[in-house]
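Here's the structure we're looking at; comments come further down.
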Amino acid sequence: MKLASFQVQTRVGRFNRIGAVQDNNTLIDLTSSYVALLDREGRTNCYGVAETIVPSDMKAFVEGGDFSLKEAGRAVDYVLHLPAGASSQGPGGESLVFGMDEVSILPPLSHPNSLRDFILFEKHFRRAYDAMGIEPPEAWYKMPIYYKGNPAAMIGHDQELEWPAYTEKLDYELEMGLVVGKAGKNISQADAKDHIYGFCCMNDFSARDIQMDEMSVRLGPAKGKDFATSIGPWIVTIDEAGDFHSLEMYARVNGELWSQGNTREMFHSWERMIEHVSWEETIYPTDIMGSGTANRGCGLEIDRWLKPGDTIEIEIENLGILSNKIVRR
């Protein structure tokens with residue numbers, strides 16, 4: 353399932369919802385559709401039950417685990433198999449289906465439990481250290497290294513990124529994000545897949561000048577990264593992501609291809625990532641773990657830099673296209 357967070361305008365205001373993305377450029381509202389299904393089945397307190405089992409907030413929905421996902425699937429099937437001419441409204445008159453042009457797409461998780469971003473692509477790792485004039489440490493080959501980002505600064509598809517006033521070198525990073533769906537501690541690589549909920553495109557925006565200053569004292573990044581991370585356009589559940597060990601990745605600026613990579617070039621695997629993070633530490637649903645930048649997947653590596661007015665697109669096979677426009681106030 354492709355799971356989107358979206359905002360819709362109604363007669364009584366704007367509301368945030370979650371939906372299942374369909375191939376015909378529509379969204380099925382999961383909570384409202386589950387209400388309609390329960391009503392058809394003769395259940396009582398349909399709205400209260402639906403908000404508990406298929407809540408309209410993505411974080412709560414992911415925390416509901418396999419049962420919430422299964423019930424959401426039943427709701428989608430109900431809507432898709434409505435008889436011709438049947439109403440596509442819930443018992444209270446609420447819409448069950450929206451066109452993409454009727455809604456605003458939000459980051460699938462506006463405030464994930466945590467944000468960890470790794471550096472898993474070897475060529476990017478070596479070039480990054482060369483750019484800082486530092487010898488690449490051998491420890492990188494022993495374990496997947498990450499920093500903790502700002503989970504309160506997520507932006508989504510088609511949302512503008514405001515250029516931070518403190519940087520003159522704004523950069524993109526072509527990345528893929530993993531969403532944790534099940535809590536665990538000391539998870540083996542063999543069991544790691546059971547803890548993956550799904551994946552999304554990810555752009556770890558970077559203020560390179562201040563980032564280099566911060567990291568020259570062996571701390572950070574902090575201000576160099578914390579202003580925004582873009583994820584989306586939706587979460588693709590693991591069963592629909594395909595071979596997530598070998599997905600094509602692209603970054604385009606104003607329609608021009610700047611970067612291309614593949615997840616098979618990762619030195620450490622997704623499973624190794626989960627094993628390492630959960631080593632004597634609990635991971636939780638909606639933790640986000642980024643792959644780090646693909647080889648030649650940022651402006652720093654190719655000496656090309658974003659400008660105000662640019663539109664940057666991150667595309668990953670099976671996951672969609674994540675687009676953001678750069679604005680300077």
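Note that the sequence shown covers residues 353 to 681 in the numbering used here.
Just so it is clear, CB atoms sit at the ideal spot from N, CA and C, and this is done for glycine as well.
For the set 505, 470, 506, the Cα lying nearest the Cα of residue 493 is the one of 470. Rounded to the nearest whole angstrom, the C-alpha separation of residue 619 and residue 472 is 6 Å.
Taking a contact as a CB-CB distance under 8 Å, the pair residue 458 and residue 508 counts as one, their CB atoms being some 5 Å apart. Following the DSSP letters along the chain, one finds residue 608 inside the beta strand (DSSP E) bounded by residues 608-614.
Beta-bridge analysis with DSSP links residue 372 to 355, 380.
The C-beta of residue 381 has 16 or more other C-beta atoms within 10 Å across all chains shown, which makes the residue buried. Distance from the Cα of residue 659 is smallest, within the candidate group 481, 542, 515, for 515.
Contact holds between the stretch 595-612 and the stretch 653-670, because three or more Cβ pairs, one in each stretch, are under 8 Å apart.
Every beta strand (DSSP E) of 3 residues or more that sits fully in the stretch 511-556 is shown, in chain order, as 526-532, 548-555. Leaving aside the five residues that flank residue 357 on each side, the residues in its chain whose CB is nearer than 6 Å to its CB run, in chain order, 370, 410, 458, 460.
Looking at the DSSP output, residue 650 bridges to 525. Cβ-Cβ distances below 7 Å link residue 483 to 652 in the same chain, with the five nearest sequence neighbours on each side left out; the list follows chain order. The Cβ neighbour count for residue 611, taken over all protein chains shown within 10 Å, is at least 16; the residue is labelled buried. Beta-bridge analysis with DSSP links residue 680 to no other residue. The criterion of a C-beta distance shorter than 9 Å is not satisfied by residue 640 and residue 544.
With distances taken between CA atoms, residue 529 lies nearest to 556 out of 405, 556, 368. Where residue 598 is concerned, there is no enclosing beta strand (DSSP E), because DSSP gives it neither an H nor an E. Scanning the stretch 419-505 for uninterrupted alpha helix (DSSP H) segments of 4 residues or longer gives 474-483, listed from N- to C-terminal end. Under the three-state reduction of DSSP output, residue 403 falls in the helix class.
Under the three-state reduction of DSSP output, residue 417 falls in the helix class.
Between residue 676 and residue 511, the beta carbon gap of about 6 Å places them in contact (Cβ cut-off 8 Å). Counting C-beta atoms within 10 angstroms of its own C-beta, residue 440 has fewer than 16 neighbours from the protein chains shown and is therefore classed as exposed. A distance below 9 Å separates the beta carbons of residue 368 and residue 359.
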